[in-house]
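Each residue of the sequence shown is one higher than the last, beginning at -4 in the numbering used here.
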Amino acid sequence: MTDIDPESYYNAARQLAFASRDTEQKLRDLDKNLTVSNSAGSYAPGGTTWGQNYDQAASDIFEVASTSAMAARELAYQIHQAGLNHANAENHNNPAANQPTPAPPQGTSLDINLHPSQYAAGGLQDTPEHWDLITGLVVHPWADSDPTRITQAGTDFGNWGRTTKINADTMKSFALLKWSDDEKKDPEVSGIIDEINNVHFALHDAGELGTYLETACKAVGTISDANRNDITFSLQLLYLISLSYEADRLALKKLPGFMQRWLEPAIDKLDEATKVAYASQIDAALKEINDKIAEAIGNCQGIYSTATGDVQFLSSILDRTPRNANPIRNRDDSDNRDAGKEGERRAGIPDGYTPKRVDIAGQAIYPDYVDDIDRQVVEVKNANKLDDRSINQIKLETAYAQSQGYSMILVTDHRTQINDPDIQHLIDTGQIQLVRKELDDNDDH
């Protein structure tokens, strides 16, 4: 065994353990700052697609950071043990060496990934005053999003991301500090450094992904805020103009009948033409919001695949494949029931929550979670694919959510196939918001 100071191992382990605890704490702090419930907007396609893409991206970023934290902890234990091995060997060979053998450093308390506690799905349902003046004249629905909270979520992710990148660099720098250049060439140390680099890469990239989401949020928030305000102001102007036409109609009553018959259609025509013109401008502003959202989503759509790729670098440390999309085999009914309960826990269903009965289309159903405050129905599926019972259940829950003006959220594992065309259509049209999370370690061998 190469004669390397055990303290260099202990130091690296301490840095990794600290980084794992710090990452967990900063994720929890970020989650407390994120107040995104019903901020995306319930309007299609912009609001529903933004809600789904934001919630998926936010979940992905949390998973990469959480997995990095757990990997940092496990690697810290492994490196610390390597240091103990060196210390014990020295003490055995030379009792006078008196090398310390400290307890391992405390790492993160996480045993599963953290996820954001709020979904952005849903809207404010804040149709502006005088919208009735253009009802039937506009193609696009009102954008009932909350631009301020969308932008703030981006700022929060961006600040967290920049801090996380700095912390990842600091962790790596200090972890390698006490190994000399020659010691870094030692096969054992070299292998350890490779794994430290993997943790650094994943954690640093989690921060980078946070800044990508920031850019998308700011783009969506900015255009939504500006155009919502412009539309609200335009409707106020249109209302005042409509009042002036009403005043003109009242004034006509003082004129001879033949003049009334000649002028009244002209006023009606002007009134209608004005509404059509304003409606056209408002429709264009709403289309611009939808187009900008589509562009923003396009710019951050790679977050999902990047997140999955990032955590693969941590597989050897964790002895499993994070975000594994392969089907799980060899589970019996009892195993599947346990997996279902574990999936609900990981999906964020509140501890102790008892599913309540709701009725729709003459059938009783029990969604995994009905959030009457945020107006969301959540169903969790931790399975390889959707069976017939699940398909029918999801359809009924979607119908119930729509009947209540709630958002339907389907949470699945990364491996879960959406094998029903009707369910896929509901997802594609924004009637179901799909969010994939790591609901299962999927370490079946």
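Here a beta-carbon is modelled for each residue, glycine too, at the ideal position from N, C-alpha and C.
On a predicted model such as this, the values are computed, not experimentally measured, just so you know.
* To do: Check whether the Cβ atoms of Trp155 and Leu25 lie closer than 8 Å to each other.
  => Yes, these two residues count as a Cβ contact at 8 Å.
* **Given Lys213 as reference, the closest of Asn294, Glu178, Thr103, Ser37 once Cα atoms are compared** => Nearest of Asn294, Glu178, Thr103, Ser37 to Lys213, Cα basis: Asn294.
* Helix, strand or coil for Arg410, going by three-state DSSP, please let me know. => Reduced to three states, the DSSP call for Arg410 is coil.
* From this set, Asp354, Tyr401, Arg384, Tyr348, which residue's C-alpha is nearest Ile368's C-alpha? -> Checking every option, the nearest Cα to that of Ile368 belongs to Tyr401.
* **Inter-residue Cα distance where the pair is Asn437 and Arg324** => Here the alpha carbon of Asn437 sits roughly 9 Å from the alpha carbon of Arg324.
* Asked: What is the C-beta distance between His81 and Tyr4, in whole angstroms, given that I count them as a contact (C-beta under 8 Å)?
  -> Indeed they touch by this definition, with Cβ atoms about 7 Å apart.
* To do: Quick one: using the 10 Å Cβ neighbour count with 16 as the cut-off for buried, is Thr349 buried or exposed?
  => So Thr349 ends up on the exposed side.
* **Straight-line Cα distance separating Gln358 from Leu381** => Each residue's Cα considered, the two are about 20 Å apart.
* Best match in Lys270, His125, Glu85, Tyr38 for proximity to Gly118 [C-alpha to C-alpha] -> Measuring from the Cα of Gly118, the nearest candidate turns out to be Tyr38.
* Straight-line gap, Glu241 to Leu250 (C-alpha atoms, nearest Å) -> Near 15 Å, if we compare the C-alpha coordinates of Leu250 and Glu241.
* To do: Tell whether a beta-carbon distance below 8 Å holds between Pro362 and Val353.
  => Between Pro362 and Val353, the CB-CB gap stays under 8 Å.
* To do: Please classify Lys248: does DSSP put it in a helix, a strand, or coil?
  => Note: Lys248 maps to coil in three-state DSSP.
* Three-state class that DSSP yields for Ala98 in the structure shown -> Coil.
* **Closest Cα partner of Val373 within the set Ala394, Ala356, Asp383** => Minimum Cα-Cα distance from Val373 among the listed residues Ala394, Ala356, Asp383 corresponds to Ala394.
* To do: Count the other CB atoms, across all protein chains shown, that sit within 10 Å of the CB of Ala98; report buried if there are 16 or more and exposed otherwise.
  => Exposed, because fewer than 16 other Cβ atoms sit within 10 Å of the Cβ of Ala98.
* Asked: What residues are listed by DSSP as bridge partners for Asp354?
  -> Secondary-structure assignment with DSSP links Asp354 through a beta bridge to Ala359.
* Asked: Do you know whose CA, among Ala60, Asp50, Leu208, Asn48, lies nearest Asp17's CA?
  -> By alpha-carbon distance to Asp17, the top candidate from Ala60, Asp50, Leu208, Asn48 is Ala60.
* To do: Could you spell out the range, first to last residue, of the alpha helix (DSSP H) harbouring Tyr4?
  => 1 to 28 is the span of the alpha helix (DSSP H), which, as asked, contains Tyr4.
* Asked: Apart from the five residues just before and just after Ile262, which ones in its own chain have a Cβ nearer than 7 Å to its Cβ?
  -> Result list for Ile262: Tyr240, Asp243, Arg244, in chain order.
* To do: Please name the residue in Leu434, Asn48, Ser229 whose C-alpha comes closest to that of Asp423.
  => Taking only the C-alpha atoms, the option nearest Asp423 is Asn48.
* Ile236 - DSSP class collapsed to helix/strand/coil -> Note: Ile236 maps to helix in three-state DSSP.
* Asked: Counting pairs of beta carbons, one from the segment 335 to 345 and one from the segment 311 to 325, are three or more of them closer than 8 Å?
  -> Contact between the segment 335 to 345 and the segment 311 to 325 is absent, because fewer than three Cβ pairs lie under 8 Å.
* **Cβ neighbour criterion (16 or more within 10 Å) applied to Asn347** => Note that residue 347 is Gly in the sequence shown here, rather than Asn. Here Gly347 is exposed. Its C-beta has fewer than 16 other C-beta atoms within 10 Å.
* Do the CB positions of Gln388 and Ile360 come within less than 8 Å of each other? -> Contact: yes.
* Asked: From which residue to which residue does the alpha helix (DSSP H) around Leu105 run?
  -> Note, Leu105: premise wrong, no alpha helix (DSSP H); not H, not E.
* To do: Return the chain-ordered list of same chain residues with a C-beta closer than 7 Å to the C-beta of Ser237, the five sequence neighbours on each side being excluded.
  => These residues qualify, in order along the chain: Leu128, Asp266.
* For Trp174 and Ile161, the rounded distance between their alpha carbons -> Approximately 21 Å between the Cα atoms of the pair.
* **Cβ contact check for the segment 60 to 74 and the segment 123 to 143: 3 or more pairs under 8 Å** => Verdict: no, contact absent.
* So what's Arg431 in DSSP terms, helix, strand or just coil? -> Looking at Arg431 - three-state DSSP - the assignment turns out to be strand.
* **Gln428 to Tyr72 span [Cα, whole Å]** => When the Cα atoms are used, Gln428 and Tyr72 turn out to be separated by approximately 39 Å.
* To do: Give the straight-line distance between the Cα atoms of Val375 and Lys390, rounded to the nearest whole angstrom.
  => Approximately 13 Å, taken between the alpha carbons.
* Asked: Across which residues does DSSP place Leu495 in a beta bridge pair?
  -> Residue 495 falls outside the range modelled here, since the chain spans only -4 to 440, and no answer is possible.
* To do: Return the first residue and the last residue of the beta strand (DSSP E) that Tyr364 is part of.
  => Unbroken beta strand (DSSP E) run through Tyr364: 364 to 366.
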